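What follows is one structure encoded as structure tokens, with my remarks underneath.
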Amino acid sequence: MPDSPRQILDMNAFDARQQPASPAVSRRLRNFGAASVLFYQEPIELVSAEGCWMQAADGRRYLDFYNNVPSVGHSHPAVVAAVREQIGQLNINTRYVVDVVDGYLEALKAQLPALLDNVVLTCSGSEANDLAMRIACKATGGTGFIVTENAYHGNTQYVTEISPSAWKQGSAPPHVITIPAPSAQNYGDDLTAGFAENVKAAIDELAWYGQSPAALICDSIFSSDGVFPDPAGFLKPAVEAIHQAGGLFIADEVQPGFGRTGEAFWGFARHGVIPDLVTMGKPMGNGFPMAAVAAKSADLEQFCAQTGYFNTFGGNPVAAAAGHAVLKVLEQEGLQKNALVVGRYLRARLGDLVQRDPRLGDLRGAGLFLGLDLCQPDAPDAPDAALATDVINRLKTHGVLIGAAGRYGATLKIRPPLCLSQDEADIFCHALDLALG
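First residue of the sequence shown? That's 4 in my numbering, and the numbers climb one at a time after it.
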């Protein structure tokens, strides 16, 4: 029987109805209620982390291949020092001029296309994408959005409508059209043309519903869809198609941004496109909550002329200090290059496993963001979600944490901190070999 599509928060989630809960887990469930999301059949109580490693309350250490949030490494001393110093000096909102905030914005803008000359700081990627969608609607006069079938862009009401992987019930509203993920399975040999044609078809479908396009929004590594970054450049015709229809291109860089792909600082740069709006979040502050929208000043001015925007905590000096420290560490420690070099090494090691194990399917990715399909033996197009769940939990017993992605939750989502060493890559590969049995 083929696997069924799985909602993103159900992938490898703890289910109290099927397994007993420890006192710590029971306490969490009492406090969070139905909104509680814990991972693994036996959730982990964590107490500390450093570099690529996290330590549990029972003293067990885990190699973190799961989180893209601590991108420069857990508890990086430079980020810790910047946050500690700033919060002991001043933390206020952006109604006041504070040098550390504008210094950070100028450093961030130096990494962005020059056309994106304004940055609005928020607290989460969800807020950033919500704001970007509103700016796009005002700039274009359109109301429709195009996303991939298993995309995830956040959890405000507006953004959830363009996050199919978060839907437990129902389907897309009329102003949202979903298109297949950019995989060879969906598009065959000419993925570039096929993806662009699907964008054009989605534009026509929006017109049938009486909608004009506001934007195509993509996470340029297509993380939730199962990690589909290649071929580099395939997004360009799709972006041209949305522009010809009067819409914008929003690049959601929460997953691929800040050097993770190795080849470029931003995921969209691998495709040779300049977005109209860029949203970013998680890795910006290495765990300190912060996010942003980069926009053209004319588009932002048009939006603000009708709707003022202010975010009490967005752009606070402590967040700016954390963000600036992250940019400095990325440069000083050469972490983008490390993502490229160690990423290639890791991919080669995993390629050896793929050759030996018929349950391992396609291996995709860029830098230190890889996707590895788990499938029925010698049937790469037959996803095996049960095997993925089993492997993820076995990896945990071998001291490695990892997550799942894809329509069926059968893709291992591999995204360790950018400071990963070759020795740590070897530890992961050995653990995966053991977990596969």
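In this text, a Cβ means the ideal position worked out from N, Cα and C, and glycines have one as well.
Here the structure is a predicted model, which means the values were calculated and not measured.
Cβ neighbours of residue 189 in the same chain (closer than 8 Å, five flanking residues each side left out) = In the sequence shown, residue 189 corresponds to position 186, counting from 1. Result list for residue 189: 183 and 197, in chain order.
key: DSSP bridge partner residues for residue 99 (one or two, in chain order)   = Here residue 99 refers to the residue found at position 96 when the sequence shown is read from its first residue. Answer by DSSP bridge pairing: none, since residue 99 is not bridged.
ask   = Can you list the beta strand (DSSP E) stretches of 3 or more residues lying completely in the stretch 33-117, in chain order?
value = 49-53, 56-59 and 64-67
task = Pull up the CB-CB distance for residue 150 and residue 295, whole angstroms please, since I reckon it's below 8 Å.
result = Numbered from its first residue, the sequence shown carries residue 150 at position 147. Numbered from its first residue, the sequence shown carries residue 295 at position 292. Going by Cβ atoms, the distance from residue 150 to residue 295 rounds to 20 Å, so no, they are not a contact pair.
request  = Could you check how far apart the C-beta atoms of residue 250 and residue 181 are, in whole angstroms? I think they sit under 8 Å.
outcome  = Stepping through the sequence shown from its first residue, residue 250 is reached at position 247. Stepping through the sequence shown from its first residue, residue 181 is reached at position 178. About 16 Å separates the two Cβ atoms, so there is no contact after all.
inquiry  = Quick check: what's the CA-CA separation for residue 42 versus residue 28?
reply    = To locate residue 42, count along the sequence shown from 1; it is residue 39. To locate residue 28, count along the sequence shown from 1; it is residue 25. Roughly 11 Å between the two C-alpha positions.
inquiry  = If I follow the unbroken beta strand (DSSP E) through residue 384, where does it start and stop?
reply    = The sequence position of residue 384 within the sequence shown is 381, counting from 1. Segment 382-386, the beta strand (DSSP E) holding residue 384.
task = Quick one: grab the DSSP three-state call for residue 356.
result = Reading the sequence shown from its first residue, position 353 is the one you call residue 356. Helix at residue 356.
inquiry  = I want to know whether the stretch 347-365 touches the stretch 268-283 - three or more CB-CB distances under 8 Å.
reply    = no
task = Could you tell me which of 46, 128 and 304 sits nearest to residue 222, measuring between CA atoms?
result = To locate residue 222, count along the sequence shown from 1; it is residue 219. If we check each option's Cα against that of residue 222, 128 comes out closest.
query = Which residue's Cα is closest to the Cα of residue 69: 440, 410 and 396?
reply = Indexing the sequence shown from 1 puts residue 69 at position 66. Per the Cα distances, 396.
ask   = For the putative contact between residue 112 and residue 305, defined by C-beta atoms under 8 Å, what is the C-beta separation to the nearest angstrom?
value = Working through the sequence shown from its first residue, we reach residue 112 at position 109. Working through the sequence shown from its first residue, we reach residue 305 at position 302. Rounded, the Cβ-Cβ distance is 20 Å, inconsistent with contact.
ask   = Near residue 372, what residues of its chain come up, given a Cβ to Cβ distance below 6 Å and the 5 sequence neighbours on each side ignored?
value = Working through the sequence shown from its first residue, we reach residue 372 at position 369. Answer for residue 372: 224, 263 and 418, listed in chain order.
query = Taking three-plus beta-carbon pairs below 8 Å as touching, is the stretch 277-286 in contact with the stretch 244-261?
reply = yes
request  = Within its chain, find whatever has a CB closer than 8 Å to the CB of residue 50; leave out the 5 residues flanking it on each side and keep chain order.
outcome  = Within the sequence shown, the letter at position 47 stands for residue 50. So the list reads 58, 59 and 60, once near-sequence residues are dropped.
message = Quick check on the burial criterion: 16 or more other C-beta atoms within 10 angstroms. Buried or exposed for residue 5?
response = The sequence position of residue 5 within the sequence shown is 2, counting from 1. For residue 5, the predicted structure reports a pLDDT of 49, less than 50, and the residue's modelled location is therefore unreliable. A value from the coordinates is still provided. The residue in question, residue 5, is exposed, as its Cβ has fewer than 16 Cβ neighbours within 10 Å.
request  = Assess, as a yes-or-no matter, whether the stretch 151-163 is touched by the stretch 309-318 under the definition of 3 or more beta carbon pairs within less than 8 Å.
outcome  = no
key: Residue closest to residue 46, alpha-carbon to alpha-carbon, out of 132, 399, 179 and 136   = Locating residue 46 in the sequence shown gives position 43, where the first residue counts as 1. Among 132, 399, 179 and 136, the Cα nearest to that of residue 46 belongs to 399.
Residues near residue 1 in its chain [Cβ-Cβ closer than 7 Å; skip 5 each side] = Any property of residue 1 remains undetermined from this structure, which presents the chain solely from 4 to 440.
ask   = Which two residues bound the contiguous beta strand (DSSP E) that contains residue 432?
value = Numbered from 1 along the sequence shown, position 429 holds the residue referred to as residue 432. Per DSSP, residue 432 belongs to no beta strand (DSSP E); it is in the alpha helix (DSSP H), 425-439.
Coarse secondary structure for residue 4, derived from DSSP in three states = Locating residue 4 in the sequence shown gives position 1, counting from the first residue. Caution applies to residue 4, whose pLDDT of 40 falls short of 50 and renders its modelled position unreliable; the value that the coordinates give is listed next. Here residue 4 sits in coil by DSSP.
message = Please identify the residue among 185, 85 and 18 whose C-alpha is closest to the C-alpha of residue 237.
response = Start at 1 with the first residue of the sequence shown, and residue 237 comes out as number 234. The shortest C-alpha separation from residue 237 is found at 185.
message = Suppose you measure from the CA of residue 31 to the CA of residue 437; what does that come to, to the nearest Å?
response = Residue numbering aside, residue 31 sits at position 28 when the sequence shown is read from its first letter. Residue numbering aside, residue 437 sits at position 434 when the sequence shown is read from its first letter. Each residue's alpha carbon lies about 32 Å from the other.
task = Go through its chain and collect everything with a Cβ distance to residue 330's Cβ below 6 Å, but skip five positions before and after it.
result = On the sequence shown, residue 330 is found 327 positions in, with the first residue counted as 1. Once the five neighbours on either side are set aside, the close Cβ partners of residue 330 are 110.
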